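The numbering of the sequence shown is this note's numbering, which starts it at 1 and goes up by one.
What follows is a set of notes on a single structure, which appears directly below.
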Amino acid sequence: MISNRFTTDKGIHLPAVMSHSDHLESKRQRAHALFQHHEANPIPDRPAVGNETEYNRERAWQAWNAFFLDTMEINPAEVWFNLCNDLEEAKSYCRTFLQSYVENSEELCPCLGLEEYEWKRTVTSAVSVLNVWRSLIGMADSIILLERRRQDPKNKSLWTLKYVDPKPNGKGPVHKITMWIYEELPDITGLTREQQFDKMEVIASDIVLMLSTLWTCVKDIPYEPRERTLSPSSTELAAGG
Numbered sequence: 001m002i003s004n005r006f007t008t009d010k011g012i013h014l015p016a017v018m019s020h021s022d023h024l025e026s027k028r029q030r031a032h033a034l035f036q037h038h039e040a041n042p043i044p045d046r047p048a049v050g051n052e053t054e055y056n057r058e059r060a061w062q063a064w065n066a067f068f069l070d071t072m073e074i075n076p077a078e079v080w081f082n083l084c085n086d087l088e089e090a091k092s093y094c095r096t097f098l099q100s101y102v103e104n105s106e107e108l109c110p111c112l113g114l115e116e117y118e119w120k121r122t123v124t125s126a127v128s129v130l131n132v133w134r135s136l137i138g139m140a141d142s143i144i145l146l147e148r149r150r151q152d153p154k155n156k157s158l159w160t161l162k163y164v165d166p167k168p169n170g171k172g173p174v175h176k177i178t179m180w181i182y183e184e185l186p187d188i189t190g191l192t193r194e195q196q197f198d199k200m201e202v203i204a205s206d207i208v209l210m211l212s213t214l215w216t217c218v219k220d221i222p223y224e225p226r227e228r229t230l231s232p233s234s235t236e237l238a239a240g241g
């Protein structure tokens, strides 16, 4: 047996120095082991997103599929394939969904007027529609188009859609619809492009209105008794800064 240690003339045992060929073989084995590891653990095709982003994507995706299956009676996936090819029909379908999404966002909400309830549109800002559009692009690219890229790896760039913010110098079918949402959809549906609220100082009458509403509209504001009792103190503290 050949020892991997040798002894000096003073009797001290030292490790043998690895030869150049042994060192090269060690690096070769390490490289092969790394390759096998990375081949068994590929980079995820679908990047991880936060819980809130995932929730918003799922909601938008469900609305998209329901609209095209139940209302338009077509295969939702075909819209994405055709959008990748920049077909006008696909862009028209996308705009139809987005405008319908705004128009059909009405909900029956309690109000402080003579009528107890009134219909209100819940989507009132172009920013909200842009967020829906961003969510749809993310889902389509990571589900429908991911599978197409695996089937057609030579044309990966064709079967890829990415959302970009509304900028005049952008290009591609996704950007065209993004600009339509920002520039034209507000004029069609009455959406606002600006911030939807102004910060204003709370005055005494505002506090009285909030507290009276809390107690007179019990059936519409489902607070526990303890929470309802503590709310006046919390409101006063918040108003005082």
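Quick reminder that beta carbons are idealized off the backbone N, C-alpha and C, glycines included.
Bear in mind that the values here come from a model prediction, so they are computed numbers and not experimental data.
Using 8 Å as the Cβ pair cut-off and three pairs as the minimum, do the segment 101–119 and the segment 24–35 touch?
no
State yes or no: is the beta carbon of residue 118 nearer than 8 Å to at least one beta carbon in chain D?
Absent from the structure: chain D. Only one protein chain is present.
Three or more C-beta pairs under 8 Å: does that hold for the segment 60–76 against the segment 86–104?
yes
Complete alpha helix (DSSP H) runs within the segment 7–90 (minimum length 4 residues, chain order)
20–40, 51–66 and 76–84
Between residue 149 and residue 185, what straight-line distance do the alpha-carbon atoms span, to the nearest angstrom?
Here residue 149 refers to the residue found at position 149 of the sequence shown. Here residue 185 refers to the residue found at position 185 of the sequence shown. If I take the Cα positions, the gap works out to 32 Å.
Counting only runs that start and end within the segment 114–196, where is the beta strand (DSSP E) found for 3 or more residues in a row?
117–121
Inter-stretch contact (C-beta, 8 Å, three-pair minimum) for the segment 76–88 and the segment 120–135:
no
Is the CB-CB distance between residue 189 and residue 125 below 8 Å?
Position 189 of the sequence shown, counting from 1, holds the residue named residue 189. Position 125 of the sequence shown, counting from 1, holds the residue named residue 125. Not a contact, by the Cβ cut-off of 8 Å.
Which residues share a DSSP beta bridge with residue 108?
Indexing the sequence shown from 1 puts residue 108 at position 108. Looking at the DSSP assignment, residue 108 forms a beta bridge with 119.
When you compare the segment 129–146 with the segment 48–61, are there three or more beta-carbon pairs, one atom per stretch, that lie closer than 8 Å?
yes
For residue 144 and residue 111, I'd like the C-alpha separation in whole angstroms.
As a position in the sequence shown, residue 144 is number 144, starting the count at 1. As a position in the sequence shown, residue 111 is number 111, starting the count at 1. Answer to the nearest angstrom: the Cα atoms are 42 Å apart.
If residue 159 sits next to residue 84, beta carbons under 8 Å apart, how far is it from one beta carbon to the other, in whole angstroms?
Taking the first residue of the sequence shown as 1, we reach residue 159 at position 159. Taking the first residue of the sequence shown as 1, we reach residue 84 at position 84. Indeed they touch by this definition, with Cβ atoms about 6 Å apart.
Is the beta carbon of residue 137 less than 8 Å from the beta carbon of residue 163?
Along the sequence shown, read from residue 1 onward, the residue named residue 137 stands at position 137. Along the sequence shown, read from residue 1 onward, the residue named residue 163 stands at position 163. A contact, by the Cβ cut-off of 8 Å.
Spatial neighbours of residue 177 within its chain, please: C-beta separation below 8 Å, excluding the five flanking residues on both sides.
Within the sequence shown, the letter at position 177 stands for residue 177. So the list reads 91, 94, 95, 98 and 133, once near-sequence residues are dropped.
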